[in-house]
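Visitor: I'd like to ask you about the structure that follows.
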Amino acid sequence: MDVGGINPVGPESRPRGRKRGRKTTSCTQCHSRKQKCNQEQPCSRCIQRGVSHLCQWPENDMEEERERGTGAEHALGQLYIARGAPSFFGNSYFGHQVAARMIHESAPDLPPMSMLSTKDSLQSFRNDSGPFSQVWDLLGLLPRNKITVDRLIERFLSEINWAIDTVHPDTFRSQFAEFWGRKFGFDEIAGVDLRWLALLFIILAFGVLLEDPTTSSPEKRKESEEASLRFYWASRRAIVISPSFHGESLDLVRAGLMVTRYLLYTRQIAESWLTVSFAMRMAQAQGMHIDGEKWGLSRKATEVRRRLWGNLYMLDKTIALALGRPYAISDHMCLIKAPENIWLDDLTDEQSSTISVSPLKNPTRSTAMMLCTGLAKIAGEIQDRCFGLYPASYEVVTEMDQKLLAWQKQLPAYFALSDPDFSLDEMHYYLPWHRLYLHSAFHFARITLHRPYLLRESITNRFRLSHEACIASASSDLKIRLHSVKYGTAENMRWTLGTHNMFNSALILGIIAVRRPNAPQTAVILDDLQEYCEKLREDAWLNEFGLAEVKVVELCIARAKGFAKASDLSGDDVHLQSVDVMPHMMSRDSYSAGDRNAFASGGEPTLDPSAIGASPNNAPGYSPDMIWPAIWEDQNFAFPQATDLETWEQMISEIAYHD
C-alpha cells in the first residue's frame with residue numbers, strides 16, 4: 001500500500017535566499033545520504049530512487065517559502081517524513097480532545113523532530129544502548145544471499161498480500177532494493193529504519209512457510225518452521241524497540257498487523273489480543289483514529305489509512321469478543337469513515353482525486369473491508385451490550401441478531417450468504433477469499449451472540465432462535481472449512497489469516513451432538529465432524545494448537561456416538577428420541593486413566609457401559625459445585641483453550657448429564 005507523502009513545499013522549485021546561517025544545498029534525502037543534489041524539486045536523485053514524494057527541504061526554507069505565500073498550510077499539523085515512513089512526532093500527536101479543537105482551528109507550525117538528522121543523534125548510534133547495536137544484531141538475521149530474500153518476498157506478494165491487503169507491492173520492492181543497495185558503512189547502517197525492517201521480517205516469516213511444499217520431509221518442514229519463527233521474533237523485537245528511536249509509522253502498524261495475523265495462523269489467539277492492541281496504539285499515535293480528510297491528506301493516502309485502520313478495527317473487535325476481553329478502540333473517541341468502494345493504490349495522487357466511487361454491484365479490493373467495518377461495529381456492540389459487566393436481557397440478544405441479519409441483507413449478490421453469485425470470481429480473483437472472510441466472520445459473530453443460550457431449555461421454547469442460529473451458522477461455517485482445508489500450503493495459509501480462525505465452529509457442533517445424540521440432524525453432523533478431523537490430521541503443517549482442537553472434536557464424536565448406541569441397546573429404558581431431552585452422560589472419571597492417555601495421543605476412549613444412564617447425583621466424580629451448563633450460560637464465559645483437554649473433558653461430560 002503506497003501512502004505517498006505530504007509535501008509542504010511549493011511545486012515550483014526549492015526556496016532560496018536564507019537570511020543567515022549556512023545555505024542549504026541539498027534536499028533532506030540527499031543530505032542524509034551525503035549525496036550531491038541538483039537542487040530541483042523533486043531532485044534527480046530522489047526521482048532515480050523512486051522516492052520523489054519524499055524530496056523535501058529543511059524547515060527554515062519552508063518558513064521563508066510560506067512567508068512568500070507559495071507554501072501549503074495544513075489544517076491539522078504537518079507530517080514529517082523520516083527515512084521513508086510518514087510519522088507524527090512529539091507534540092504533533094493529537095488525542096481526541098486536541099484533535100477536536102484542531103479541526104476548527106489552524107494548526108501551529110510544528111518543527112521536524114527527526115532523531116537521525118543531527119550530529120548528536122548520530123553519536124547515539126555508536127552507543128551500545130542506542131539503535132546502532134540493535135540494527136546490527138537484526139541485520140545479522142537476514143539471509144546473506146539477495147536472491148533468497150527476493151524469492152521469499154515474491155512468494156508472499158504473489159500468494160498472500162493481495163488477499164489481506166498488507167503492502168503495495170511495487171513500493172515495497174523499491175524500498176527493499178534501496179535497503180539492500182546501501183553501502184556497508186556506519187552512516188548507512190545508522191540510517192536503517194527499524195520500523196520498515198520489522199515489516200520485512202514478518203513478510204519473510206510468511207515467505208519461508210510458503211516456499212516449503214507439503215510434500216517435503218518432516219525434517220525440512222521443521223527447519224522451515226524454525227526459520228519462520230526466527231524471522232517472527234526478529235519482527236517483534238524490531239516492533240518493540242523501534243518507537244524508542246524512530247517514533248511510529250505506517251510500516252510499523254502494518255508489521256504489528258501481520259504479527260497478529262501470524263498468531264492467528266498459529267492459533268495463538270490470546271497472544272494476538274496483545275499484539276493487535278499494540279498495533280492499534282501505534283496507529284492512534286499517528287492520528288489514524290481521525291479521518292484523513294480532517295488531516296488534509298490526499299484522497300489516496302486517506303483511503304490507505306482507512307483500510308489499514310479497518311483491518312485493525314476488525315481484528316480488535318473480533319479477537320476481544322472471542323476471548324471475552326476488552327477491546328482497544330472506543331468508537332466515541334474516533335472520527336473515522338469506512339473505506340470507499342474504490343482502489344487507488346496504483347494511481348498517482350492527481351489521478352486519485354478524479355476517480356469516482358464504484359457502485360456496490362461492481363467489486364473492488366476495498367469492498368470486503370468496507371463491509372467488514374460495519375460487521376466489526378456490530379461485534380463491538382454485541383460485546384458492550386451482551387457481554388459487559390451486567391447481564392443482558394434476551395430481548396437485547398434478539399435485537400442484536402436483527403442487526404446482524406440486516407447487515408447480511410445488504411450484502412451484494414457476489415457476497416450473499418445464501419446462493420452467492422460466482423460469475424465475477426474469474427474476473428476478480430480475490431472475491432472467493434474475501435467472500436470466505438466475510439461469511440465466516442458473520443457466523444463467528446452470530447454464534448458468539450447466541451452461544452450462552454445454546455444449552456438453555458424453556459417450556460415455551462423461548463430460546464429456539466438461539467438454538468437454530470447456532471446450528472445454522474456453525475453448520476455453514478463448517479461447510480466452508482471442509483471446502484477450504486483441501487487446498488495446498490498457500491491456500492491453507494490464506495484461509496487461516498482471517499478472523500474466523502479465532503474459533504472453531506466444529507466445537508459448537510460437537511457440543512450440540514453430545515447434547516442431543518439422537519436428534520435427527522446429529523448423524524449428519526457427526527459425519528461432517530469426522531471428515532473435518534480427518535482432513536486436519538492430513539495437514540502437514542498442523543501445529544499443537546490445531547491438533548488440540550481436533551482431539552476435542554474427536555472427544556465429542558466419541559461421546560455422542562457412544563451414547564447414541566447405548567440408547568439403541570437400552571430401548572425404552574432410556575428416552576432420548578426427543579430433540580428437547582438431554583441424555584445422561586458418564587462422568588470424566590468413568591473411563592480409566594489409560595483411556596484418557598490413549599485419547600490424548602490420538603486414540604478413542606473406551607466407554608464404560610456402567611456409566612450409561614448414571615444420574616447426576618450418583619455419577620462418579622460428580623461435583624455439584626462445577627455445573628457446566630450453568631457456567632456455559634454465564635455471559636462472561638469464554639471457551640477454554642483447546643489445549644486444556646482436561647477442562648474440555650469435564651465440560652463435555654457435565655453438559656451431557658444435566659437436564
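Counted from 1, the sequence shown has number 606 at position 606 by UniProt numbering; the numbering is strictly sequential.
Even for Gly, the Cβ is constructed at its ideal location relative to N, Cα and C.
Identify the continuous alpha helix (DSSP H) that holds residue 343 and give its terminal residues.
Guide: Here residue 343 belongs to no alpha helix (DSSP H), and DSSP marks it neither H nor E.
Visitor: Using alpha carbons as the reference points, say which of 313, 547, 495, 509 lies closest to residue 468.
Guide: Measuring from the Cα of residue 468, the nearest candidate turns out to be 509.
Visitor: Which partner residues of residue 290 appear in the DSSP bridge assignment?
Guide: Paired residues: 335.
Visitor: By alpha-carbon positions, which one of 642, 303, 336 ends up nearest to residue 287?
Guide: When each option's Cα is compared against that of residue 287, the closest is 336.
Visitor: Just verifying my parser: in three-state terms, what is the DSSP assignment at residue 427?
Guide: It is coil, neither helix nor strand.
Visitor: Is the number of C-beta pairs between the segment 271-280 and the segment 228-235 that are closer than 8 Å three or more?
Guide: No, they do not touch.
Visitor: What is the DSSP secondary structure of residue 247, counted as helix, strand or coil?
Guide: Three-state result, residue 247: coil.
Visitor: Could you give the distance in angstroms between the alpha-carbon of residue 54 and the alpha-carbon of residue 421?
Guide: Going from the Cα of residue 54 to the Cα of residue 421 covers about 44 Å.
Visitor: Does DSSP classify residue 448 as helix, strand or coil?
Guide: Of the three classes helix, strand and coil, the one that applies to residue 448 here is helix, per DSSP.
Visitor: On a CA-only basis, which of 523, 466, 532, 462 is nearest residue 484? Give me that one, please.
Guide: Answer by Cα proximity: 532.
Visitor: Given this structure, state the Cα-to-Cα distance separating residue 284 from residue 310, to the nearest angstrom.
Guide: Distance between the alpha carbons of residue 284 and residue 310 is about 13 Å.
Visitor: With residue 169 as the anchor, note down where its alpha helix (DSSP H) starts and where it stops.
Guide: Element bounds for residue 169: 169-180.
Visitor: Please list the terminal residues of the continuous alpha helix (DSSP H) segment that includes residue 206.
Guide: Unbroken alpha helix (DSSP H) run through residue 206: 194-211.
Visitor: Under 8 Å, do residue 493 and residue 204 count as touching if we go by C-beta distance?
Guide: No, these two residues do not count as a Cβ contact at 8 Å.
Visitor: Report buried or exposed for residue 280, applying the criterion of at least 16 other Cβ atoms within 10 angstroms of its Cβ.
Guide: Buried is the call here.
Visitor: Pick helix, strand or coil for residue 485, following the three-state DSSP scheme.
Guide: Looking at residue 485 - three-state DSSP - the assignment turns out to be coil, as it is neither helix nor strand.
Visitor: Taking buried to mean at least 16 other C-beta atoms within 10 Å of its own C-beta, is residue 543 buried or exposed?
Guide: Exposed, by the Cβ-count rule.
Visitor: Using the rule of at least 16 other Cβ atoms within 10 Å of the residue's Cβ for burial, across every protein chain shown, is residue 538 buried or exposed?
Guide: The residue in question, residue 538, is exposed, as its Cβ has fewer than 16 Cβ neighbours within 10 Å.
Visitor: Taking its Cβ as the centre, do 16 or more other Cβ atoms sit within 10 Å of residue 332, making it buried, or is it exposed?
Guide: Exposed, since its Cβ has fewer than 16 Cβ neighbours within 10 Å.
Visitor: My understanding is that residue 257 touches residue 312, with C-beta atoms under 8 Å, so please give their C-beta distance in whole angstroms.
Guide: Indeed they touch by this definition, with Cβ atoms about 6 Å apart.
Visitor: Can you find the residues in the same chain that come closer than 7 Å, C-beta to C-beta, to residue 386, ignoring five residues on each side of it along the sequence?
Guide: These residues qualify, in order along the chain: 392, 396, 397, 400, 449, 635.
Visitor: Distance check for residue 412 and residue 360, CA to CA, integer angstroms please.
Guide: Going from the Cα of residue 360 to the Cα of residue 412 covers about 7 Å.
Visitor: On the criterion of 16 or more Cβ atoms from any shown chain inside 10 Å, does residue 136 qualify as buried, or is it exposed?
Guide: It counts as exposed.
Visitor: Under 8 Å: do the segment 476-483 and the segment 345-362 share three or more Cβ pairs, one atom per stretch?
Guide: No, the segment 476-483 is not in contact with the segment 345-362.
Visitor: Can you tell which of 277, 307, 520 has the C-alpha that lies nearest to the C-alpha of residue 326?
Guide: It is 277 whose Cα lies nearest to the Cα of residue 326.
Visitor: If contact is defined by three or more beta carbon pairs under 8 Å, each pair taking one atom from either stretch, is the segment 432-444 in contact with the segment 364-378?
Guide: Touching, yes, given that three or more Cβ pairs across the two stretches are closer than 8 Å.
Visitor: Looking at the secondary structure, which residues open and close the alpha helix (DSSP H) in which residue 148 lies?
Guide: It spans 146-156 - the alpha helix (DSSP H) in which residue 148 sits, taken as one unbroken run.
Visitor: Using the Cβ count rule (16 or more neighbours within 10 Å means buried), how would you classify residue 653?
Guide: It is buried - the Cβ of residue 653 has at least 16 other Cβ atoms within 10 Å.
Visitor: Might you give, ordered along the chain, the residues of its own chain that have their beta carbon closer than 8 Å to the beta carbon of residue 46, omitting 5 neighbours on each side?
Guide: Here the set comprises 27, 29, 30, 52, 54, 55.
Visitor: When burial is assigned at 16 or more other CB atoms within 10 Å of the CB, is residue 558 buried or exposed?
Guide: The residue is buried, with at least 16 neighbouring Cβ atoms inside 10 Å.
Visitor: I need the boundaries of the alpha helix (DSSP H) containing residue 30, first residue and last residue.
Guide: Start and end: 28-33.
Visitor: Using 10 angstroms around the beta-carbon of residue 218, count the other beta-carbons present and answer buried if the total reaches 16, otherwise exposed.
Guide: With fewer than 16 Cβ atoms within 10 Å of its Cβ, residue 218 is classed as exposed.
Visitor: For the alpha helix (DSSP H) containing residue 454, list its first residue and its last residue.
Guide: Residue 454 -> no alpha helix (DSSP H), and no H or E assigned at all.
Visitor: How would you write the range of the alpha helix (DSSP H) that residue 309 sits in, first residue to last?
Guide: 299-323 is the span of the alpha helix (DSSP H), which, as asked, contains residue 309.
Visitor: Taking only the alpha-carbon atoms, compute the straight-line gap between residue 451 and residue 443 and give it to the nearest angstrom.
Guide: C-alpha separation (whole angstroms): 12 Å.
Visitor: Alpha carbon to alpha carbon, what distance is there between residue 646 and residue 481?
Guide: For residue 481 and residue 646, the distance between alpha carbons rounds to 26 Å.
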